[in-house]
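Note that the sequence shown covers residues 1 to 162 in full-length UniProt numbering.
For glycine and all other residues, C-beta sits at the position ideal for the given N, C-alpha and C.
Taking it in order: structure first as structure tokens, then the write-up.
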Amino acid sequence: MSRKIIPTQANPHGHGLKSGALVIGAGLIGTMAMLGSAPQAAMAQRSLNGKLPVSTNDPVCVMRERQIKAGKWRTLEKFWNSKGTAYFRSPSRAKIRVRYGKGWLSKNRQKKTLNGGSYQKLSVGKWSLSYARMQMKVPRTTNVTYMVCSRGLAQNSPRLRF
Numbered sequence: 001m002s003r004k005i006i007p008t009q010a011n012p013h014g015h016g017l018k019s020g021a022l023v024i025g026a027g028l029i030g031t032m033a034m035l036g037s038a039p040q041a042a043m044a045q046r047s048l049n050g051k052l053p054v055s056t057n058d059p060v061c062v063m064r065e066r067q068i069k070a071g072k073w074r075t076l077e078k079f080w081n082s083k084g085t086a087y088f089r090s091p092s093r094a095k096i097r098v099r100y101g102k103g104w105l106s107k108n109r110q111k112k113t114l115n116g117g118s119y120q121k122l123s124v125g126k127w128s129l130s131y132a133r134m135q136m137k138v139p140r141t142t143n144v145t146y147m148v149c150s151r152g153l154a155q156n157s158p159r160l161r162f
């Protein structure tokens, strides 16, 4: 299944990707919907270098905006058997992390605090075979804009036929 970015609303931020766009296909698990026409999706699909993705390992990036409530850790993105990277900058004093596993067997990795100036990067790799989540905790309820890139499967199916 090929991945497509489908724009869902106008671009208020002035960047190349549409806010609220969704990645359809393998690699990024989240809300999936089929909106817009195929030509729109083909025009909107771009990788990091600005060209159309050639393979399933060519990253597709999407700008997301979500409202995060204060207090608890809130899940922004979920991954299972997929690789991905996300970039965050604000709000100040917000904490971000990657949580692998589920329940009492889970482990927290890549704990970082945002300063509102420099970008922070979270990456999910092969450990997503056991389920991974990118989470954020904010001091007060706020809207958060971040970029998430899907980088294909963490573990491909075997090449041998049986």
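Subject >> Euclidean distance between Cα positions of Ser-90 and Met-134 >> reply: Along the sequence shown, one-based indexing puts residue 90 at 90. Along the sequence shown, one-based indexing puts residue 134 at 134. Ser-90 and Met-134: Cα-Cα distance of roughly 15 Å.
Original post:
So, do the segment 97-112 and the segment 142-151 have three or more beta carbon pairs nearer to each other than 8 Å?
Top reply: no
**OP:** Within 10 angstroms of the Cβ of Ala-33, are there 16 or more other Cβ atoms? Answer buried if so, exposed if not.
**Re:** For the purposes of this step, residue 33 is taken as residue 33 along the sequence shown, with counting starting at 1. In this prediction, Ala-33 scores a pLDDT of 29, lower than 50, which makes its location untrustworthy; the coordinate-derived value is nonetheless stated afterwards. Flag for Ala-33 reads exposed.
Subject >> Separation of Leu-129 from Ser-92, as counted between CA atoms >> reply: Taking the first residue of the sequence shown as 1, we reach residue 92 at position 92. Taking the first residue of the sequence shown as 1, we reach residue 129 at position 129. Computed Cα separation, rounded: 32 Å.
Original post:
Taking the DSSP output, what are the residues bridged to Ser-130?
Top reply: Numbered from its first residue, the sequence shown carries residue 130 at position 130. DSSP output for Ser-130 lists no bridge partner at all.
Subject >> Cα-Cα separation between residue 164 and Gln-67, rounded to whole angstroms >> reply: Outside the shown range of the chain (1 to 162) lies residue 164, about which nothing can therefore be said.
Subject >> Spatial neighbours of Tyr-131 in its chain, beta-carbon cut-off 8 Å, leaving aside the 5 residues before and after >> reply: Numbered from its first residue, the sequence shown carries residue 131 at position 131. Result list for Tyr-131: Lys-78, Phe-79, Trp-80, Tyr-100, Gly-101, Lys-102, in chain order.
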